[in-house]
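*Asks:* The opening residue of the sequence shown carries number 1 in full-length UniProt numbering; numbering runs sequentially from there. Structure incoming, see below.
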Amino acid sequence: MIRKVLTSGQTGVELAALDTAIKLSIPHGGWTPLGKRNAMGSLPSVYQLQETATIGFQEALDKNTAEADGTLVVSRNQATPWTRKVVQAALKHQRQFLHVDLGQYPLFEAASLIASWLSQQHIKTVFVTGLQDSEDINIYTQTRKVLETAVYLGLVKSGMHPEHPAKHVIPAENGPTKQPLTVDDAVAHLAAAMPLKDRTTLANMTSDALDGLHSGLAAYIKEQFGLYSGNASLLRSCAERGNLQDPLPDEACAVILRALWEHLRRTHRLRVVK
């Protein structure tokens, strides 16, 4: 599980990493060149970055690489001169390194690759860098989706030892993950696997906030619970619970998320004592 995200605050991938960390309450930091600026202007104070003594990027790159357990680079279709510098820094400081090319991987596969790398290499502090907005106008949005999904995958996979496992499960066809047969089983599985902080956060969200804030968790549900591969029993349960006819994976996932939210509202909602 990630404990800290480092970047130098540049547009695109680096800002996406910072905003994802802030959204998911993951500590962040990093070194940025003297002046604390990026292509958009001065960096807002919400980004807790430290300035180096020099204007160039090399000092910030070296410090961020050295202070992290590993470096993640996100690009699309081809390596840039910056990617090569990042690789050289990782080799110099003997740090783990992963380059994810979004031109080669669908977003969920990219997220799964990142989550596996973080887990297998025991990455707690990660330096995230890559393309800027000027190089790829869509890189910020897609990087946020990938990183959020990777974090949720890491949270759920690291907590696959529920105290009260769901009773009705079937083996997944493509791995050891179990697929629930009913909405209630899906809710029990997720609630048991999620850390207390995440259960409490979800419980205290408004109904309107569900769709926007949990795209990563939704991606995990659709892939790992077999909504894409035709988990007929779970889809049928979602149809009954949501009063739907032949629900699509997104619709079934929305039913599960709402059921999870309703369950956590009963068990984890913060109440004001007067």
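For each residue, glycine too, the CB sits at the ideal point set by N, CA and C.
Given a cut-off of 8 Å on the beta-carbon distance, is the pair His93 and Arg199 in contact?
*Replies:* Not in contact: His93 and Arg199 (Cβ atoms no closer than 8 Å).
*Asks:* Please name the residue, chosen from Phe57, Leu24, Lys23, that lies closest to Arg37 on a Cα-to-Cα basis.
*Replies:* Answer by Cα proximity: Phe57.
*Asks:* By DSSP, does Phe127 sit in helix, in strand, or in coil?
*Replies:* Of the three classes helix, strand and coil, the one that applies to Phe127 here is strand, per DSSP.
*Asks:* Taking Thr201 as part of the alpha helix (DSSP H), name the residues at either end of that continuous run.
*Replies:* Its alpha helix (DSSP H) spans residues 196–203.
*Asks:* Can you tell me whether Glu109 is helix, strand or coil according to DSSP?
*Replies:* Three-state DSSP puts Glu109 in a helix.
*Asks:* With DSSP as the reference, please indicate the residues paired to Leu98 in a beta bridge.
*Replies:* DSSP, once it has assigned bridges, lists Leu72 as partnering Leu98.
*Asks:* To the nearest angstrom, how far is it from the Cα of Ser25 to the Cα of Val5?
*Replies:* Their Cα atoms are separated by approximately 11 Å.
*Asks:* Look at the Cβ atom of Val146, then the Cβ atom of Ala192, and state whether they are nearer than 8 Å.
*Replies:* In this structure, Ala192 does not lie closer than 8 Å to Val146 by Cβ.
*Asks:* Would you call the stretch 68–86 and the stretch 96–111 touching, i.e. three or more CB-CB distances under 8 Å?
*Replies:* Judged by Cβ distances under 8 Å, the stretch 68–86 makes contact with the stretch 96–111, as three or more pairs qualify.
*Asks:* How far does the beta strand (DSSP E) with Lys36 in it extend, from its first residue to its last?
*Replies:* That residue, Lys36, is in no beta strand (DSSP E); it is neither H nor E in DSSP.
*Asks:* Indicate whether the contact test is met: 3 or more Cβ pairs, each with one atom in the stretch 251–262 and one in the stretch 177–186, closer than 8 Å.
*Replies:* Yes: at least three Cβ pairs fall under 8 Å.
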